[in-house]
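J.: Mapping the sequence shown onto full-length UniProt numbering, position 260 (from 1) lands on 260, and the numbers just tick up by one.
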Amino acid sequence: SLFSRQRSPLLEVKGNTELKRPLVKALSRLPLPGSRFKRGPDQMEDALEPEKKRTRGLGTVPKVATSHPRATVLTTVPQTQGQTAAPKVPKKTGPRCSTAIATAAAAPPMLVGKKPSKRPAWDLKGQLCDLNAELKCYRERTQTLDRENQQLRDQLREAQQQATALGAERRTLEGELARVQAEAEQGQQELGNLRARVLELEERLGTQEALVQELQKEQLGLQEERRGLAARLEEQERKLQTSEAALSGSQAEVASLRQEAVAQAALLAERGERLHGLEMERRRLHNQLQELKGNIRVFCRVRPVLPGEATPPPGFLLFPSGPGGLSDLPTRLSLSRSDERRGTLSGAPAPPTRHDFSFDRVFPPGSGQDEVFEEIAMLVQSALDGYPVCIFAYGQTGSGKTFTMEGGPGGDPQVEGLIPRALRHLFSMAQELSGQGWTYSFVASYVEIYNETVRDLLATGTRKGQGGECEIRRAGPGSEELTVTNARYVPVSCEKEVEALLHLARQNRAVARTAQNERSSRSHSVFQLQISGEHAARGLQCGAPLSLVDLAGSERLDPGLALGPGERERLRETQAINSSLSTLGLVIMALSNKESHIPYRNSKLTYLLQNSLGGSAKMLMFVNISPLEENVSESLNSLRFASKVRLPASPGPVRTPAL
């Protein structure tokens with residue numbers, strides 16, 4: 001590996017360092033140049049003298065034996081060459097330099113030939129020659145060693161330089177080793193991170209594999225669904241083709257139907273015009289019929305005998321049939337009256353006097369509320385067509401006026417009066433006419449006239465009883481319409497709203513106890529409904545008031561007077577009632593005679609009803625009478641008053657409402 005290859009030079013340096021230490025020790029034992037070998041012969045001899053003494057005692061030992069210990073140190077290095085003298089070693093690095101040093105140190109010493117046998121002591125000259133020869137040998141040896149020492153010193157310097165270079169290289173390698181180790185540690189860390197990343201990826205791989213399996217299952221399901229949708233698509237395409245074919249046929253049919261629709265629209269418009277013309281013609285003929293019957297008509301109604309009242313004698317009230325017999329509606333009434341003050345010459349009582357009356361219609365006691373309203377329904381229709389209509393209920397106290405107008409208590413539909421029935425009829429007819437483009441609105445008011453004072457019967461809260469504040473005024477400058485100031489005008493659109501108004505008015509109306517009735521109405525109550533119609537498409541408008549009046553009791557002063565502290569007040573009430581009723585009779589007769597001056601302002605009642613009495617207005621008076629014999633006097637007065645009011649039915653000028 002790279003790390004093992006970089007480490008091998010460091011191991012070489014360590015080996016060279018180990019080799020260097022014994023080499024230096026061996027060199028330190030070598031004789032230095034200029035040492036004792038450079039001494040003179042005399043000094044050499046002195047130095048060798050002890051040696052000679054030792055050698056003499058030990059026998060024949062070579063003189064060079066003393067130099068062997070020094071050379072033996074170098075013999076530890078393995079010998080690579082068998083030369084006796086080490087040549088000069090070239091400068092090299094590495095293990096080869098160490099081998100050269102060891103070879104030079106291991107070279108064997110130069111041996112001198114065998115010494116001659118021991119000279120005798122006297123042969124000094126011979127000994128001197130031997131010493132000179134030996135000295136010469138040592139000098140040569142010294143020179144050889146000096147050269148070797150010089151070579152070794154050079155080699156040492158080279159080895160030191162090489163060791164310095166190897167140390168620098170070692171430090172470089174150590175730095176590189178540290179870097180490599182750091183890189184190795186970083187690699188180990190990265191390896192740990194990679195292992196963690198591998199584990200994470202393996203986990204994600206497992207999740208992805210599970211997801212892939214789910215997706216494969218879903219893909220299989222989607223493929224099945226796709227095949228199903230493809231089949232449905234084919235089916236839908238077939239149906240679409242069928243529908244397109246049918247559509248083509250339908251389009252042709254639609255085109256034909258459009259043509260028919262255009263024709264039908266034209267026909268409908270034509271029929272609408274015709275229907276409108278017929279409606280206008282119906283209104284004209286209806287008004288003409290009502291005028292032929294008479295713009296002023298009088299009906300007579302006899303109330304039934306109530307429980308606890310005395311049954312009238314036979315023949316007291318008769319209802320003769322008309323020329324057509326029983327099939328004709330009753331229009332005549334015959335009332336019998338006996339006068340005890342009259343008698344015959346023989347002293348027998350005089351026969352009863354019979355009074356015959358003829359009206360536009362007579363309702364016997366058995367007639368119901370529905371039968372009565374059926375007779376006036378056409379008048380109510382005239383109000384919706386735009387003609388003013390006024391209906392009175394006239395008669396003495398207890399004759400059934402309030403029952404006729406408002407109905408009985410308890411909310412029984414069978415005994416409902418003319419007011420709720422008339423408004424139900426108007427609401428129903430307005431709904432039918434809305435299909436022809438007509439829209440109607442209704443505004444109701446309810447006031448009473450008590451002692452010539454106008455009071456609002458619909459007042460609530462603190463306004464109750466403040467009738468003096470109500471005055472009759474014209475709606476505006478130049479306007480013929482009359483209105484009551486400070487009175488409530490309530491828009492109504494259904495029967496329940498009308499019932500609530502009637503209930504409030506009954507609570508506020510002025511009543512008192514009289515001799516004729518425990519609870520007698522002492523005022524004229526006037527219910528007025530202002531009707532406004534509009535046909536926006538044709539720009540037509542119509543409007544008229546419908547007035548339903550329950551008059552106060554018409555009895556004369558004496559029979560109706562109650563005794564007690566309130567006598568004067570009752571007297572004043574009766575005088576005001578009779579005065580207003582007389583004015584009403586005068587106004588009706590003036591209208592009948594077509595007089596130029598009509599005395600409307602003589603009474604608050606006639607002034608308030610001015611627009612509902614004259615002109616093209618339709619007026620109907622119900623004269624209510626009691627079936628009791630005890631009330632015959634008041635009944636006759638009421639019948640006579642009604643006979644004066646009634647006009648014969650004659651065709652007058654046909655008038656049309658303002659459209």
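Quick reminder that beta carbons are idealized off the backbone N, C-alpha and C, glycines included.
Tell me whether the beta-carbon of L546 lies closer than 8 Å to the beta-carbon of V389.
T.: As a position in the sequence shown, residue 546 is number 546, starting the count at 1. As a position in the sequence shown, residue 389 is number 389, starting the count at 1. Closer than 8 Å, so yes.
J.: Would you report the Cα separation of Q155 and A163, rounded to the nearest angstrom?
T.: In the sequence shown, the residue the question calls residue 155 occupies position 155. In the sequence shown, the residue the question calls residue 163 occupies position 163. Going by the C-alpha atoms only, they are around 12 Å apart.
J.: When DSSP builds the beta bridges, which residues end up paired with W122?
T.: Position 122 of the sequence shown, counted from the start, is the residue given in the question as residue 122. None; W122 has no bridge partner.
J.: Could you spell out where the beta strand (DSSP E) holding T483 opens and where it closes?
T.: As a position in the sequence shown, residue 483 is number 483, starting the count at 1. Counting along the chain, the beta strand (DSSP E) containing T483 begins and ends at 482–484.
J.: Kindly indicate which three-state DSSP category Q288 falls into: helix, strand or coil?
T.: Working through the sequence shown from its first residue, we reach residue 288 at position 288. If DSSP states are grouped into helix, strand and coil, Q288 belongs with the helices.
J.: Please report the distance separating the alpha-carbon of G560 from that of C542.
T.: Within the sequence shown, residue 560 is the residue found at index 560, counting from 1. Within the sequence shown, residue 542 is the residue found at index 542, counting from 1. Note that G560 has pLDDT 46, beneath the 50 cutoff, so the model's placement of it is unreliable and the number below is only indicative. Roughly 44 Å between the two C-alpha positions.
J.: I need the DSSP call for K618, collapsed to helix, strand or coil.
T.: Along the sequence shown, read from residue 1 onward, the residue named residue 618 stands at position 618. K618: strand per DSSP, three-state reduction.
J.: Pairs of beta-carbons, one from the segment 380–398 and one from the segment 320–334, closer than 8 Å: are there three or more?
T.: Verdict: no, contact absent.
J.: Pair every Cβ in the segment 299–309 with every Cβ in the segment 277–285, then say whether three or more of these pairs are closer than 8 Å.
T.: Taking 8 Å as the limit for Cβ pairs, the verdict is that the segment 277–285 does not touch the segment 299–309.
J.: From the DSSP output, which residues share a beta bridge with C542?
T.: Residue 542 sits at position 542 when you count from the first residue of the sequence shown. Beta-bridge pairing links C542 to G533.
J.: Buried or exposed: V254, going by 16 or more other Cβ atoms within 10 Å of its Cβ?
T.: Here residue 254 corresponds to residue number 254 of the sequence shown, with the count starting at 1. It is exposed - the Cβ of V254 has fewer than 16 other Cβ atoms within 10 Å.
J.: Distance, Cα to Cα, V212 vs L229?
T.: Stepping through the sequence shown from its first residue, residue 212 is reached at position 212. Stepping through the sequence shown from its first residue, residue 229 is reached at position 229. Looking at the two C-alpha atoms, the distance is approximately 24 Å.
J.: What's the C-alpha gap between V77 and G167?
T.: What you label residue 77 is simply residue 77 of the sequence shown in a count that begins at 1. What you label residue 167 is simply residue 167 of the sequence shown in a count that begins at 1. Its pLDDT being 37, under 50, V77 is placed unreliably in this model, and the value from its coordinates should be taken loosely. The straight-line gap from Cα to Cα measures roughly 24 Å.
J.: Compute the Euclidean distance between the alpha carbons of residue 661 and G366, then round it to the nearest angstrom.
T.: In the structure displayed, the chain extends from 1 to 659; residue 661 sits before or after that span and is not available.
J.: In whole angstroms, what separates the C-alpha of L289 from that of L571?
T.: Residue numbering aside, residue 289 sits at position 289 when the sequence shown is read from its first letter. Residue numbering aside, residue 571 sits at position 571 when the sequence shown is read from its first letter. Their backbone Cα atoms lie some 44 Å apart in a straight line.
J.: Give the C-beta separation of K401 and L551 to the nearest angstrom, bearing in mind that I take them to be a contact with Cβ-Cβ under 8 Å.
T.: Here residue 401 is taken as the residue at index 401 of the sequence shown, counted from 1. Here residue 551 is taken as the residue at index 551 of the sequence shown, counted from 1. K401 to L551, Cβ: 7 Å. Contact.
J.: Contact check, T404 vs F622 under 8 Å by CB: the rounded distance?
T.: Walking along the sequence shown from the start, residue 404 turns up at place 404. Walking along the sequence shown from the start, residue 622 turns up at place 622. Contact flag correct, Cβ pair sits at about 6 Å.
J.: Buried or exposed, going by whether 16 or more other CB atoms sit within 10 Å of the CB of L237?
T.: Here residue 237 corresponds to residue number 237 of the sequence shown, with the count starting at 1. In the sequence as displayed, the identity of residue 237 is Glu instead of Leu. That one is exposed.
J.: Could you tell me the alpha carbon to alpha carbon distance between L247 and S256, rounded to whole angstroms?
T.: Position 247 of the sequence shown holds residue 247. Position 256 of the sequence shown holds residue 256. In a straight line, the C-alpha of L247 is about 14 Å away from that of S256.
J.: Indicate the three-state DSSP secondary structure (helix, strand or coil) for L27 in the structure shown.
T.: Within the sequence shown, the letter at position 27 stands for residue 27. Its pLDDT being 41, under 50, L27 is placed unreliably in this model, and the value from its coordinates should be taken loosely. Residue state, collapsed to three classes: helix.
J.: Mind checking who D456 pairs with in its DSSP beta bridge?
T.: Your numbering for residue 456 matches position 456 in the sequence shown. Paired residue(s): V447.
J.: Should the segment 410–422 be regarded as contacting the segment 572–585, the criterion being three or more beta carbon pairs within less than 8 Å?
T.: No: fewer than three Cβ pairs fall under 8 Å.
J.: Run the CB neighbour count on H597, radius 10 Å, all protein chains shown included, and call it buried at 16 or more, exposed below.
T.: For the purposes of this step, residue 597 is taken as the residue at position 597 of the sequence shown. Looking at its Cβ environment, which holds fewer than 16 other Cβ atoms inside 10 Å, H597 is exposed.
J.: Where does Q6 fall in DSSP's three states?
T.: For the purposes of this step, residue 6 is taken as residue 6 along the sequence shown, with counting starting at 1. Unreliable placement is indicated for Q6, whose pLDDT of 43 sits below 50; no coordinate value is reported for it.
J.: According to DSSP, is A505 helix, strand or coil?
T.: Looking up residue 505 in the sequence shown gives position 505. In this structure, A505 counts as helix in the three-state DSSP scheme.
J.: Which whole-angstrom value describes the C-beta separation of A505 and L458, a residue pair presumed to lie in contact below a C-beta threshold of 8 Å?
T.: Walking along the sequence shown from the start, residue 505 turns up at place 505. Walking along the sequence shown from the start, residue 458 turns up at place 458. With a Cβ gap of about 6 Å, A505 and L458 count as contacting.
J.: Are the CB atoms of F527 and Y446 within a distance shorter than 8 Å?
T.: Taking the first residue of the sequence shown as 1, we reach residue 446 at position 446. Taking the first residue of the sequence shown as 1, we reach residue 527 at position 527. Taking 8 Å as the Cβ cut-off, Y446 and F527 qualify as a contacting pair.
J.: Going by C-alpha to C-alpha distance, which of V380, R197, A617 sits closest to N295?
T.: Residue mapping note: residue 295 aligns to position 295 of the sequence shown, counting from 1. The candidate whose alpha carbon is nearest that of N295 is A617.
J.: Taking DSSP as the reference, what is the three-state secondary structure of S596?
T.: Taking the sequence shown and counting its residues from 1, one reaches residue 596 at position 596. If DSSP states are grouped into helix, strand and coil, S596 belongs with coil.
J.: For G395, does the count of other Cβ atoms within 10 angstroms reach 16, so buried, or fall short, so exposed?
T.: As a working note, residue 395 is residue 395 in the sequence shown. By the neighbour-count rule (16 or more Cβ atoms within 10 Å), G395 is buried.
J.: By alpha-carbon positions, which one of Q414, L584, L529, E480 ends up nearest to F427?
T.: To locate residue 427, count along the sequence shown from 1; it is residue 427. Answer by Cα proximity: L529.
J.: Would you mind working out which of G187, A178, L591, E200 sits nearest K644, comparing C-alpha positions?
T.: For the purposes of this step, residue 644 is taken as residue 644 along the sequence shown, with counting starting at 1. Among G187, A178, L591, E200, the Cα nearest to that of K644 is on L591.
J.: What does the alpha-carbon distance come out to for the pair A178 and R204?
T.: Numbered from its first residue, the sequence shown carries residue 178 at position 178. Numbered from its first residue, the sequence shown carries residue 204 at position 204. Cα to Cα, the separation comes out at about 38 Å.
J.: List, from N- to C-terminal side, the beta strand (DSSP E) runs of 3 residues or more that fit wholly inside the segment 391–452.
T.: Complete beta strand (DSSP E) runs here, min 3: 438–450.
J.: Starting from R640, trace the alpha helix (DSSP H) in both directions and tell me its first and last residue.
T.: Taking the first residue of the sequence shown as 1, we reach residue 640 at position 640. R640 -> alpha helix (DSSP H) spans 632–645.
J.: Please look up how many angstroms separate the CB atoms of residue 687 and Q369, rounded, as I've assumed it's under 8 Å.
T.: With the chain covering 1 to 659 only, the question about residue 687 has no answer from this structure.
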